[in-house]
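Quick notes on the structure that follows.
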Amino acid sequence: MTYPQDGSLSADEKLWGMLAHLLTLLGYIVTLGQYIAPLVIYLVYKDRSQFVAFHALQALFFQLLALAVAIALVLFSIITLGLGMLLAVPLAIALAIAVLVYTIIAAIQANNGVWYELPIVGRWARNTLQI
Numbered sequence: 035m036t037y038p039q040d041g042s043l044s045a046d047e048k049l050w051g052m053l054a055h056l057l058t059l060l061g062y063i064v065t066l067g068q069y070i071a072p073l074v075i076y077l078v079y080k081d082r083s084q085f086v087a088f089h090a091l092q093a094l095f096f097q098l099l100a101l102a103v104a105i106a107l108v109l110f111s112i113i114t115l116g117l118g119m120l121l122a123v124p125l126a127i128a129l130a131i132a133v134l135v136y137t138i139i140a141a142i143q144a145n146n147g148v149w150y151e152l153p154i155v156g157r158w159a160r161n162t163l164q165i
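As structure tokens, this is what we get:
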């Protein structure tokens, strides 16, 4: 779900909202980077900007959800003695592509000042922040 642009946001808030999403891509380079970056941004901005806190928290939740799905796929493969890999590998590839695409979409929307909700976790972030 997308909410209208907030004209009262500063350029700094839009930048940090965008970075909260884009810095999750560090996980491909730095171990745990996809969790540490949005967590640090959330902790710094949670009392300063609801917009930045929202985008950082949902970026963190999105990465944790992707991790949970990846773990489920691995467990499925183990339980089925490897046969599940026929399904798990294509699903893991689709998951990685979806995470990349939604991360870029959310970053662009945040940079435009839009309260964009990622699927599933956007509502979780709103409820957590009570906004």
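All residue numbers for the sequence shown refer to the numbering used here, where the first residue is 35 and numbers rise by one. Where a beta carbon is used, it is the ideal one built from N, C-alpha and C, also for glycine.
Own chain partners of residue i with C-beta closer than 6 angstroms, once the 5 adjacent residues on each side are dropped
i: Gly11; result: The structure shown does not extend to residue 11, since the chain is modelled only from 35 through 165, so no value can be given for it.
i: Gln68; result: Thr58, Gly61, Gln97
For residue i, three-class secondary structure by DSSP
i: Val86; result: helix
i: Val133; result: helix
i: Val64; result: coil
C-alpha gap between residue i and residue j, whole angstroms
i: Leu57; j: Ala71; result: 6 angstroms
i: Tyr79; j: His55; result: 14 angstroms
i: Ser42; j: Gly147; result: 9 angstroms
i: Met113; j: Ala45; result: First, the residue type needs correcting, since residue 113 is Ile and not Met in the sequence shown. Roughly 49 angstroms separates the two Cα atoms.
Option nearest residue i by Cα separation, candidates the options
i: Thr137; options: Gly156, Leu120, Pro124, Ala122; result: Gly156
i: Ile154; options: Ala93, Leu49, Lys48, Tyr76; result: Ala93
i: Val124; options: Ala159, Val103, Arg160, Phe95; result: Note that residue 124 is Pro in the sequence shown here, rather than Val. Comparing Cα-Cα distances from Pro124 to each of Ala159, Val103, Arg160, Phe95, the minimum goes to Val103.
i: Asp240; options: Leu107, Ile142, Leu99, Glu47; result: This structure cannot settle anything about residue 240, because the visible part of the chain is limited to 35 through 165.
Cβ shell of residue i (< 7 angstroms), same chain only, five flanking positions each side left out
i: Met119; result: Ser111
i: Thr162; result: Leu91
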